[in-house]
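Trainee: The structure is given below, and queries will be raised subsequently.
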Amino acid sequence: MVRFAIINTASLRVREGMVFAGGDFGREVTNNFSAIVVQHGKELFLFDSGLGAQVAAQYRQDMPAWQRPFFRYDDPVVPAAVQLAGSGLPPVSRIILSHSHWDHASGLADFPGAEVWVSPEEREVLGHPGPGVGGAWPSQVATAGIKWRSLKFASVPHEGFARSLDLFGDGSVVLVPMFGHTSGSVGMFVTTSAQRRFFFVGDAVWSAAALAEGAGKFWPARVLVDHDADATAAVIGQIRRVRKAHPELVVVPAHDGGVQDRLGYFPKWVR
Ligand SMILES: [Zn+2]
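Under my numbering, think of the first position of the sequence shown as 127, with each following residue one higher.
Structure follows, in structure tokens:
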């Protein structure tokens, strides 16, 4: 059995123009802070962790005052660990991070028993944590006791990406390096039991509308959060090619509330 659910931990209404270049400033869209929970047989794992129980303290410590007007979240925050508690599901064995930015790693502290898997390139980002939206936060990743593990990609191309990692060896969950937004960002293809296909692209793009237009992020965001603009543009080009080749594939950006609304939220599963 392969299924997933979107655990939305918090949301924020934002102007579309703040999300991508050419977006409409007169139109409001919802920015989600989601974790994706995937169940493969008896194993339960997360792709990103959303906002966690400690996010207020983490934000106070590591979000510089000048960035706060642009990078916020709205209460209430309902952490993934809280939503999963009492669900009767197996414990979360591992968390795979699309990348180590604050709004993806905040919930790590809430799963002390889980291994945290990132690309070797992202380990370097994690080795130099610092405040601000462009890096990994000391309050989230510099704490002792996190069981870091490195994803090992094989030189096996997958959907035009040069390397890949078939997590269970059955093709149902395949990770691909998508370096650009951070130097070690990864994406995840999931094929559910019903043979529906999804591509979780992390923060390579913030919205499906941006993807349709091939647009990058709103420029101040691009400058602040995209580590390598050219590499990010190349990744966006590849996502567009994959989508063209597989029109039935659903691309799920980490923050796109519109796309995620259509799939529904935990405890609703996509099978
Ligand atoms: Zn990010």
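All C-beta atoms, glycine included, are put in the ideal place defined by N, C-alpha and C.
Computed from a predicted structure; not experimentally measured.
(1) Do the stretch 257-270 and the stretch 205-219 meet, that is, are 3 or more Cβ pairs less than 8 angstroms apart?
(2) In the DSSP output, what is glutamine 165 paired with across the bridge?
(3) Following a CB-centred definition, is aspartate 329 positioned closer than 7 angstroms to any heavy atom of ligand 1?
(4) If contacts are defined as beta-carbon pairs under 8 angstroms, then tryptophan 345 and alanine 147 qualify, I think. What distance do you get, rounded to the angstrom?
(5) Ignoring anything shorter than 3 residues or poking outside the stretch 357-397, list the beta strand (DSSP E) runs there in chain order.
(6) Measuring straight from C-alpha to C-alpha, what distance separates threonine 358 and leucine 210?
(7) Mark lysine 394 as exposed unless 16 or more other C-beta atoms lie within 10 angstroms of its C-beta, in which case mark it buried.
(8) Which two residues bound the contiguous alpha helix (DSSP H) that contains valine 349?
(9) Is it a yes or a no for the stretch 142-157 touching the stretch 366-386, going by three-plus beta-carbon pairs under 8 angstroms?
(10) Taking only the alpha-carbon atoms, compute the straight-line gap between arginine 369 and serine 245 and give it to the nearest angstrom.
(11) Rounded to whole angstroms, what's the CA-CA distance from aspartate 201 to serine 281? Just pull it up for me.
(12) For ligand 1, is there a heavy atom less than 7 angstroms away from the beta-carbon of valine 361?
(13) Out of Phe171, Asp354, Arg194, which one is the CA nearest neighbour of alanine 182?
(14) My assumption, with CB atoms under 8 angstroms, is that phenylalanine 130 sits in contact with arginine 141. Please give the rounded CB distance.
(15) Are the beta-carbon atoms of aspartate 174 and leucine 223 separated by less than 8 angstroms?
(16) In the DSSP output, which residue or residues are listed as bridge partners for leucine 301?
(17) Give the straight-line distance between the Cα atoms of histidine 372 and phenylalanine 325, rounded to the nearest whole angstrom.
(18) Does the beta carbon of histidine 372 fall short of 7 angstroms from some heavy atom of ligand 1?
Mentor: So, from the data block:
(1) no
(2) Arg129, Leu170
(3) yes
(4) 6 angstroms
(5) 376-378
(6) Rounded to whole angstroms, threonine 358 and leucine 210 show a C-alpha spacing of 33 angstroms.
(7) exposed
(8) 345-351
(9) yes
(10) 24 angstroms
(11) 43 angstroms
(12) No, ligand 1 has no heavy atom inside 7 angstroms of this Cβ.
(13) Arg194
(14) Their Cβ separation, rounded to whole angstroms, is 30 angstroms, which puts phenylalanine 130 and arginine 141 out of contact at 8 angstroms.
(15) Yes, they are a contact pair.
(16) Leu291, Met314
(17) 11 angstroms
(18) no
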